[in-house]
Every structure is written in structure tokens, then in C-alpha cells.
Amino acid sequence: MAILHNPVVDAILARRSIRAFQPDRPLTADELETLLACGFAAPSGMNLQSWHLVVVQDQALLEEINQGFIAMVKSRPSLPPIMVERLKNPNYSVFFRASAEILVCCDATRGPTNSAHLAENVVLAAQSLGLGTCFIGGVLDFFKTPEGAPYLKRLQIPEGFEPMYFLSVGVPAESPDARPRDLTKVTYIR
Ligand SMILES: Cc1cc2nc3c(=O)[nH]c(=O)nc-3n(C[C@H](O)[C@H](O)[C@H](O)COP(=O)(O)O)c2cc1C
534 MAILHNPVVD
544 AILARRSIRA
554 FQPDRPLTAD
564 ELETLLACGF
574 AAPSGMNLQS
584 WHLVVVQDQA
594 LLEEINQGFI
604 AMVKSRPSLP
614 PIMVERLKNP
624 NYSVFFRASA
634 EILVCCDATR
644 GPTNSAHLAE
654 NVVLAAQSLG
664 LGTCFIGGVL
674 DFFKTPEGAP
684 YLKRLQIPEG
694 FEPMYFLSVG
704 VPAESPDARP
714 RDLTKVTYIR
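Numbering of the sequence shown is given in the numbering used here, commencing with residue 534 and proceeding in unit increments.
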């Protein structure tokens, strides 16, 4: 057996979560439009398209959320080692200072599945355009605190929709190795 290569397969296999981005390089309007078009092209049950995106390029707002998140994390009695390591960097941002954040939301009555398809389309389209992405789910805990809750309004999430994760998007400033994958998680019935 061998893996067959084409541009789509190669983009899927080359994608990594990117946590360092080239500063001062906003997404172009065409890049953003392409990412959104690819996201909205995702399949959804009964074509319900039960998703909503919030594109955030207001870096001041993102930094406010980041600082609130850091304060919340630092107030915890213990931190996972990865967070201890990340917080040693005085320039750390939970968003990794990406050019843009795309907040993926789902219709609360429909659940997250369709929106996850959309998100993966965005991520793979970004890879194919030479852009890097990272899913950012950890920050959502901040919005459940009294300090963080007001930001849900500022993010203009429509009534009835829930945030799932942000997608950090920008031009990569790192090229990490692939993280291990377990290729045995499959059953064949022949
Ligand atoms: C739903 C979801 C939430 C994630 N949240 C975070 C996050 O908050 N911060 C982070 O650095 N990476 C986050 N990640 C990235 C994962 O850590 C990453 O996908 C995984 O380690 C595999 O690495 P790879 O994406 O480079 O293949 C998230 C990924 C997913 C799918």
C-alpha cells in the first residue's frame, strides 16, 4: 500500500498547528475571502449551514481577551507544564499573535458537527495558500468567568449560537515537525 499524492493530500499531510506567525502581515482581502468561501463550502446535515463565523482583526480586543485569559490562568492553584512554559514568554498570547482570529460558532440547537467541518475546510485551505493556523479552544474557559462573559457580547455572536474555538490564521514563522499519529485506530471488515 502507498499514499497517493496530489495537492489536496499533500496539504492535508503537511498541515501542522502553527503557534508563531510573521508579525505585521495582515491577511489580504483575497486570502480572507478564499478561506471563508472554502469554509462555507463544507458539507452540513440537510444543508442547514448551522454555523456562524466572527472574523476578529482588532488586535486591541484580542489583547484584552488574552490578558484576561492570562490573569484567569495565573489565579489557578496549579497549571499544566505546557502553560507554565508558555507563560515564561513575556510576549505570550493565547492567540499566538496571529494576523486574524476566526471564531467558529455553532447553532446551539444543532451542535458542533457541521461547524467542525467548516473549520477543517478553513484550516486546509489556509495550508494550501501558504498560511498557518491553530485551533484555539482553551481560551473559551475565560468567557465562562464574570470577567470574560462580557466579551461574548463584544464578539457579536448571534443569539442562539455558541463559540466553539478560534482559528488563529497568519503567515507561519515556524515549521514544526508532525506530531505522532496512531494509524491503528481502524477496523477493517472485509
Ligand atoms: C478543538 C481543538 C482545540 C485546540 N485548542 C488548542 C489551544 O487552545 N491551544 C493550542 O496551542 N492548540 C490547540 N489545539 C491544537 C492541538 O494541540 C493540535 O491539533 C494537536 O496537538 C495535533 O497537532 P497538529 O495540529 O500540529 O497536527 C486544538 C486543536 C483542536 C482540534
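Virtual Cβ for every residue (Gly too), placed ideally from N, Cα, C.
Over what stretch of residues does the beta strand (DSSP E) that includes residue i continue unbroken?
| i | result |
| --- | --- |
| D543 | It is not in any beta strand (DSSP E) - D543 instead sits in the alpha helix (DSSP H) that spans 540-547. |
| L586 | 584-589 |
According to DSSP, residue i sits in a beta bridge with which residue or residues?
| i | result |
| --- | --- |
| T561 | Its beta-bridge partners do not exist; DSSP assigns none. |
| L595 | Bridge partners of L595: none, in fact. |
| D640 | F694 |
| S550 | T666 |
| S701 | E634, C667 |
Since residue i and residue j should fall inside the 8 angstroms C-beta cutoff, what is the C-beta to C-beta distance between them, to a whole number of angstroms?
| i | j | result |
| --- | --- | --- |
| P576 | H650 | 6 angstroms |
| M579 | P645 | In fact, because the Cβ distance is near 16 angstroms, the residues do not count as touching under 8 angstroms. |
| V656 | T642 | Incorrect: roughly 25 angstroms between the Cβ atoms, too far for contact. |
Taking a contact to mean a Cβ-Cβ separation below 8 angstroms, would you say residue i touches residue j in this structure?
| i | j | result |
| --- | --- | --- |
| A706 | T567 | no |
| V587 | L565 | no |
| F602 | F675 | yes |
| N647 | L581 | yes |
| Y684 | I545 | no |
| Q590 | P614 | no |
| L595 | E634 | yes |
| H585 | F694 | yes |
Between which two residues does the alpha helix (DSSP H) containing residue i stretch?
| i | result |
| --- | --- |
| V666 | Correcting the residue type first, residue 666 is Thr in the shown sequence and not Val. Counting along the chain, T666 falls outside any alpha helix (DSSP H), though it belongs to the beta strand (DSSP E) covering 665-669. |
| L612 | From DSSP, L612 is part of no alpha helix (DSSP H); its letter is neither H nor E. |
| R687 | 682-687 |
| F629 | Where F629 is concerned, there is no enclosing alpha helix (DSSP H), given that its DSSP letter is neither H nor E. |
| T646 | 646-661 |
| L673 | 673-676 |
Practice task
Please determine if the stretch 695-703 and the stretch 628-638 are in contact, where contact requires at least 3 C-beta pairs separated by less than 8 angstroms.
Solution key: yes
Practice task
May I ask you to verify whether the stretch 683-700 touches the stretch 635-655, counting CB pairs closer than 8 angstroms and requiring at least 3?
Solution key: yes
Practice task
Evaluate the contact criterion for the stretch 659-668 versus the stretch 546-553: three or more CB pairs, one atom per stretch, below 8 angstroms.
Solution key: yes
Practice task
May I ask you to verify whether the stretch 665-685 touches the stretch 710-719, counting CB pairs closer than 8 angstroms and requiring at least 3?
Solution key: no
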